[in-house]
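Single-structure report; data block below.
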Amino acid sequence: MIEEFLQYLTTVKRYSPLTIRNYRHDVENFLAWFGTTDTEFDPRRISTEDIREWIVYRTETAHLNAASMNRELSSLRSLFRYLLRTGRMDKDILQPIRAMKTSRRIPSFVPTTRMAGILDKIETDTPDNTFSQRRDSLIVLLFYSCGIRLAELVSINRDDFSGDYSSLKVRGKGDKERIVPILPLVREKIIAYLEEIKRQNICKSSEKALFLTKEGRRISRSSVYRTVKVQLQAGGVQGKTSPHVLRHTFATELLNNGADMREIQELLGHASLQATQVYTHNSITKLQEVYAKAHPRGQQGEKEK
């Protein structure tokens with residue numbers, strides 16, 4: 042029954058392998074706690090009170106925070122709604138259970154001045170640069186200039202670009218596609234990188250990936266993560282140094298420079314505007330500066346200092 046549910050998520054909902062792995066982990070954890078297995082699982086024996094007891098058990102023994110608990114609850118909601126839809130249950134036992142309240146975290150991002158120094162180094166290309174150096178620089182540049190996710194970057198194929206490399210087709214969550222524009226500077230870097238692949242004959246004949254290892258295979262998520270961490274730390278970035286920080290930086294830069302929230306939502310591939318609105322918190326300082334310069338009373342205050 043569980044395997045059938047996971048197959049439904051894969052083929053119908055088109056969830057990513059990582060999401061499927063998380064759903065499997067959450068559901069199997071719940072079944073183990075309930076004292077049953079997939080073959081013995083009878084969903085009609087489970088009640089809303091069982092779910093509430095499981096929430097208490099997970100938060101107390103695993104010390105889960107609200108966000109992690111809500112993610113596990115989401116997995117169970119999907120399972121039991123699937124069982125309800127396929128006739129294995131008579132009612133949605135999770136309907137009375139509300140998600141736990143979470144504190145709204147402000148996304149980390151790289152300040153403009155710090156990012157400028159990193160980009161100056163990346164944009165300086167010399168004949169001495171190795172294939173790995175050109176690839177790693179382009180990885181950071183694409184994250185920063187396109188705002189794509191880690192999984193999206195790793196899955197890019199060379200034929201996902203338009204003919205003139207001015208735009209990129211990105212496959213996001215739920216296998217949804219969106220088109221992201223490519224800046225002229227980034228376009229030049231992509232073309233130079235592809236020429237380097239061809240010159241060194243790095244790519245395997247059947248491999249379509251844009252980002253490759255030196256052996257010609259698609260680069261892994263962990264390698265990309267390490268690459269970004271090394272590049273950002275070398276640039277003096279303190280705190281978080283993940284690919285997602287560059288995605289946050291992309292969104293924050295756009296918002297600070299006057300981009301419309303709906304446009305940012307489309308570029309990021311967010312399903313709802315609410316997910317994009319979190320970046321308004323990062324922009325409050327910028328808005329205060331603009332307000333002080335533009336408002337008559339703000340200008341008067343500056344003159345009186």
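In the numbering used here, the protein residues as written are 42 to 346. Just so you know, even glycine gets a beta-carbon here, dropped at the ideal spot from N, CA and C.
7 Å Cβ shell around residue i - same chain, five flanking residues per side excluded
i	result
Asp-108	The amino acid occupying residue 108 in the given sequence is Ala; Asp does not appear at that position. Here the set comprises Thr-143.
Thr-100	Met-110
Ser-196	Arg-212
Cys-244	Ile-238, Leu-253, Gly-257
Ile-163	Ser-178, Val-181, Leu-182
Asp-201	Leu-209, Lys-210
C-beta atoms of residue i and residue j nearer than 9 Å
i	j	result
Thr-289	Ser-186	The identity of residue 289 in the sequence shown is His, whereas the question assumes Thr. No, the pair does not count as a contact, with Cβ atoms beyond the cut-off.
Trp-95	Phe-75	yes
Pro-222	Leu-235	no
Val-265	Phe-252	yes
Phe-291	Gly-158	no
Arg-155	Gly-276	yes
Val-286	Leu-296	no
Leu-179	Val-211	no
Val-68	Ser-116	yes
Lys-249	Arg-199	yes
Pro-284	Arg-190	yes
Ile-134	Ile-87	yes
Arg-93	Gly-215	no
Thr-153	Glu-294	yes
Glu-307	Arg-219	yes
Phe-46	Leu-125	no
heavy atom of the ligand MN below 8 Å from residue i C-beta
i	result
Thr-153	In the structure on display, the ligand MN does not appear, and there are no ligands present to speak of.
Which of helix, strand or coil DSSP assigns to residue i
i	result
Ala-103	coil
Ala-250	strand
Glu-44	helix
Arg-212	strand
Phe-71	helix
Ile-134	coil
Arg-258	coil
Lys-281	coil
Ile-96	helix
Tyr-56	coil
Pro-84	helix
Gly-204	coil
Contacts around residue i, its chain only, beta-carbon distance under 8 Å, and the 5 residues preceding and following it disregarded
i	result
Leu-160	Leu-182, Tyr-185
Ala-192	Ser-57, Leu-59, Arg-262
Glu-44	Asp-79
Gln-241	Phe-172
Phe-82	Met-42, Ile-43, Leu-72
Per DSSP, the bridge partner or partners of residue i
i	result
Glu-229	BP columns for Glu-229 are empty, so no partner.
Phe-121	According to DSSP, which records beta bridges pairwise, Phe-121 is partnered with nothing at all.
Val-221	Leu-209
Asn-198	Ala-250
Contact set for residue i: own chain, Cβ-Cβ below 6 Å, skip 5 residues either direction
i	result
Gly-299	none
Val-151	Val-278, Thr-290
Arg-62	none
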